[in-house]
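S.K.: In this note's numbering, the protein residues as written are 2 to 753.
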C-alpha cells in the first residue's frame, strides 16, 4: 500500500464525516421548514438518522469484499442521492396535500423522514464499515478502526463548523448541495484505479464533477426553482435563508404573509392582530411612556403603539436582523425613521436579562411554547427577569393560542400551568378570553377586562381603531366567556409550575399537537406521563439483573461491553441535547455558540479516540474501559451541578460561552475513548475488523438514536433536565455492574 493510497483512505474517512454531518444539517433544516420548526422533528429525525446509519454499518458486515472500487461506487452513489433526497423533502407538502399553515402529524413526519434520510444514512453507514475493512488490509490490529473513527470524527467536526458558521451564511442550500456533490464525486474518483473495469466509473465521476461545477454558476437560479416548488400553489415573492431559519414571503391579493421555518409569523397588513396585541395591554396603563416589545411588532404592532402620545420610547427586540429588514422592505407602513423606535437584534430573553432600563409596558408576542426554545419565555425564572425591569405600576402582557368556545382537558392543563406560573411571580393576573388568550400581569396595577372601562380609556387617548372597538370588545370579553375560562384556569396544574429546567408547558403543547394529529401518539404521551424517575430507575436495575443472568449462562459473552457502548451512546447524545437546551435557557439563542457546542463534542470524540489508541498495555486498556464507564455514572451529576451553579450564581454567568463547550468536549472525549477502547479489546480477542467495526459502530449509533428520541421527545419535557441527568447517571451504573461482574468471573490474566 503506497503512501498516496494511505492518504486517500484517510481523506475518505474525513470526507465521509464531513459529508454526513453537512447533509444532515441541510436535510434537517428542510425538514424543520416543512414541519414548522417543531423540536420533536429534530429529535425524531436525529434519532432516525443515527439508527439508519447504524443499520447501514451493520449491513456493511455482510459484504466482505474490501476492494476500493466498492468504496468509490458508494461515494458516487452518495453524490447522486443528495439531490434526490433534497427533492423528496421539497415535495413533502404536495405529496401529503398540506394546506397553508398546517403542521403535519406523526405519520407524514415518520414516512417523510424515513424516505429522505434512509438512502443517505444507509450509504454512509456502509461506507464507514467498508473503509475500516479496506484499511485493515494494510494496517493490522485495532488501528484500522481507531484511525478511521478518528478521521471520520475530525471530518464531521469540520463539516459541522463550516456549514453552520460559513456555508449557511453565504450560500444557498442548492449551492451547498452542489459543493457536497462535488466532494463526494471527487472522493469517488480517487478510489478507482486504472484497470479497464474501473474506467467507466472514473468517467462517470469526472462527468459528474464537471456537471456540478457548471451547475454551481446557476446555483441561485436552482435555489429559486427549489423554493417555488416548495411553495407551489402560493405566489412566492421572496425566499431567503438566515442562520436562524428559512424566510419566505407569499402574496395573496394585497396581503403579504411572512413565514420563518414554515411558521406563519405575521401578515402585512393585519390590523386585527396588531390592534389586539397592543391596545389591550396599553389600555391597562394610565400613562404608558416606555414600551418593550418582544416579537409581534412588524405586522403593524409598532404603528399601533405609536398612536399613544404619551409614549416616549419603544424598544423592539428580534434575534434575526434579516427578518426585520425583510418586513421593512415589504411594507412602507413600518416606521423606520421615528426616533422613538429602537431596534435590538438579539435574543429577547438575553436582552431582558441584561437590560437596566425600566418599562411601563412589556408585550411578549410569541407563539405557544411548543418548542423548548420558546418555552424559555413562559417560565417562572423568565417572569422574575421581566418583573425586575418592569416598573411597580407596569404591565406585562403575553399571549397563548386557545379555543374560543371549547377547552379540552389537554388545553386546560396547559392553560392552568401558565396561569399558576404567572401568579407565582405577579400578584395580579387576568386572562382575556378568545381564540388567543391575552394574559395581563402586574405588581400593583388593578387590571381590568371590563369592555366599558377599556373603551373609555381608548376614547380618552383619542385613538382610532378598526377592530378594537365597542362592538367587538363587548362580544369577546363577555362575562360568560370569563366565567368559562376561569373554571379551567383556577384548577391545580397537574405537573406544577413551568420552569427553565422543567419545561412542562412545552410537554403539554406537544400533547395538544398529538391530540390534533395522532391519537396513538397522544396515548403514548399519556402513558409516559404516568411514569416517574423512580419507576425508570427501578426498571434500569431490573434490566441490569436480567442481563447479568443472560451473561452468566452464555460463555465468553460480550453483553457487558455492548451494554457499555449502548449506554455511553445514549448518554453522549443526551448530554449534547442537555447542553444545547441548558445553554439556550441560561445564555439565549446565540447561533455561533450552539455551533461551537457541536464542534466541541466532535473535537472531544476525535481527541478521545486518538489518545485511547495510543495506550500500549493490554491491562491498561481494560482498566481505562472500566474507568470511563465509571466516569459516565458520575459525569451527569457533575453537569447537573454545573447547570445549577449557572442558574443560581450570576458571577458564573459570563463564563457560560466558554465552560459549556469545554463540558461538551469532555462528554465527547469520554464517548470517543470508550468506543476506541472497545474496538481494541474485541480485535485483540480475535474478532474480525469488519465485524467489530460494524457491530460497535451500529451499537453506538443505535444507543445515540434511542437517546435522541427519548430525551428530546419525552424525558426532558416531562421530567426536566435535572431528573433526566439523574436517570442517565443511574442508567450507567447497570453496565458498570455488568463489567465488574464479568471481571469477577474471569482469571486474573483475562480480567477486563
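Glycine included, C-beta positions come from ideal geometry on N, C-alpha and C.
Could you tell me whether the region 459-470 touches the region 375-383, using the rule of 3 or more Cβ pairs below 8 Å?
M.R.: Segments in contact, no.
S.K.: Tell me residue 50's beta-bridge partners as DSSP assigns them.
M.R.: DSSP, once it has assigned bridges, lists no residue as partnering residue 50.
S.K.: When we look at the beta-carbon of residue 772 and count the other beta-carbons within 10 Å, is it buried (16 or more) or exposed?
M.R.: Within the shown structure, residues of the chain are numbered from 2 to 753, placing residue 772 beyond reach of any answer.
S.K.: What does a CB cutoff of less than 6 Å around residue 9 pick up in its chain, not counting 5 residues either side in sequence?
M.R.: Same-chain partners within the cutoff: 191.
S.K.: What do you reckon, are the CB atoms on residue 28 and residue 87 nearer than 9 Å?
M.R.: Going by C-beta atoms, residue 28 is nearer than 9 Å to residue 87.
S.K.: Whole angstroms are fine: how far does the CA of residue 325 sit from the CA of residue 12?
M.R.: Whole-angstrom Cα-Cα distance: 42 Å.
S.K.: In the DSSP assignment, find the alpha helix (DSSP H) that holds residue 224 and state where it starts and stops.
M.R.: Its alpha helix (DSSP H) spans residues 220-231.
S.K.: Do you know offhand how far residue 60's Cα is from residue 48's?
M.R.: Roughly 18 Å between the two C-alpha positions.
S.K.: Helix, strand or coil, according to DSSP, for residue 464 in the structure here?
M.R.: Residue state, collapsed to three classes: coil.
S.K.: Indicate whether residue 20 and residue 117 have their beta-carbon atoms separated by less than 9 Å.
M.R.: No, Cβ-Cβ distance for residue 20 and residue 117 is not below 9 Å.
S.K.: My assumption, with CB atoms under 8 Å, is that residue 181 sits in contact with residue 83. Please give the rounded CB distance.
M.R.: Between residue 83 and residue 181 the Cβ distance is about 6 Å, and since that is below 8 Å, they are a contact.
S.K.: I need the DSSP call for residue 620, collapsed to helix, strand or coil.
M.R.: Helix, per DSSP.
S.K.: Rounded to whole angstroms, what is the Cα-Cα separation between residue 755 and residue 659?
M.R.: Any question about residue 755 goes unanswered here, given that the chain covers just 2 to 753.
S.K.: When you compare only the Cα positions, how much space is there between residue 97 and residue 109?
M.R.: Near 7 Å, if we compare the C-alpha coordinates of residue 109 and residue 97.
S.K.: Measure how close the beta-carbons of residue 349 and residue 426 come, nearest whole angstrom, since I'm counting them as under 8 Å.
M.R.: Wrong, their Cβ atoms sit about 17 Å apart, outside the cutoff.
S.K.: So which of 421, 467, 341 and 364 has the shortest CA-CA distance to residue 278?
M.R.: Answer by Cα proximity: 364.
S.K.: Report the residue ranges of all alpha helix (DSSP H) runs contained in full by the region 475-519; include only those spanning at least 4 residues, in chain order.
M.R.: 480-490 and 505-518, all fully within the region 475-519.
S.K.: Straight-line CA distance for residue 710 to residue 418?
M.R.: Going by the C-alpha atoms only, they are around 25 Å apart.
S.K.: In terms of alpha-carbon separation, which member of 136, 566, 361 and 497 lies closest to residue 389?
M.R.: It is 361.
S.K.: Find out if the Cβ-Cβ distance for the pair residue 328, residue 299 is shorter than 9 Å.
M.R.: Contact flag set, yes.
S.K.: Give me whichever residues DSSP pairs with residue 252 in a beta bridge.
M.R.: The partner list for residue 252 (beta bridge, DSSP) reads 236 and 257.
S.K.: Note down, in chain order, each residue of its chain lying with its Cβ closer than 6 Å to the Cβ of residue 675, except the 5 sequence neighbours on either side.
M.R.: The answer, listed in chain order, is 569 and 629.
S.K.: Which residue's Cα is closest to the Cα of residue 347: 527, 317 and 566?
M.R.: Nearest C-alpha to residue 347: 317.
S.K.: Helix, strand or coil for residue 752 per DSSP?
M.R.: Residue placement at residue 752 is flagged as unreliable, the pLDDT there being 49, under the threshold of 50; a coordinate-derived value is accordingly withheld.
S.K.: Report the option in 229, 247, 159 and 150 whose CA atom is closest to the CA atom of residue 172.
M.R.: Comparing Cα positions, the closest option is 247.
S.K.: Evaluate the contact criterion for the region 706-722 versus the region 494-514: three or more CB pairs, one atom per stretch, below 8 Å.
M.R.: Yes, the region 706-722 is in contact with the region 494-514.
S.K.: Check the C-beta distance from residue 55 over to residue 607 and give it rounded, since I have them as a contact under 8 Å.
M.R.: With a Cβ gap of about 20 Å, residue 55 and residue 607 do not count as contacting.
S.K.: Please work out which residues of its chain come closer than 7 Å, Cβ to Cβ, to residue 75, disregarding the five sequence neighbours upstream and downstream, and give them in chain order.
M.R.: Excluding residues within five positions, the ones whose Cβ falls inside 7 Å are 124, 127, 128 and 131.
S.K.: My guess is that residue 513 and residue 378 are in contact by the Cβ rule of under 8 Å, so how many angstroms apart are they, rounded?
M.R.: Between residue 378 and residue 513 the Cβ distance is about 18 Å, and since that is not below 8 Å, they are no contact.
S.K.: When you compare each of 355, 481, 500 and 504 to residue 371 by their alpha carbons, which one comes out closest?
M.R.: Answer by Cα proximity: 504.
S.K.: Give the single residue among 578, 730 and 679 whose Cα lies nearest to the Cα of residue 766.
M.R.: A question about residue 766 goes unanswered here, because the residues of the chain that appear run from 2 up to 753.
S.K.: As a quick exercise: from 441, 341, 331 and 729, pick the residue whose alpha carbon is nearest that of residue 632.
M.R.: The shortest C-alpha separation from residue 632 is found at 729.
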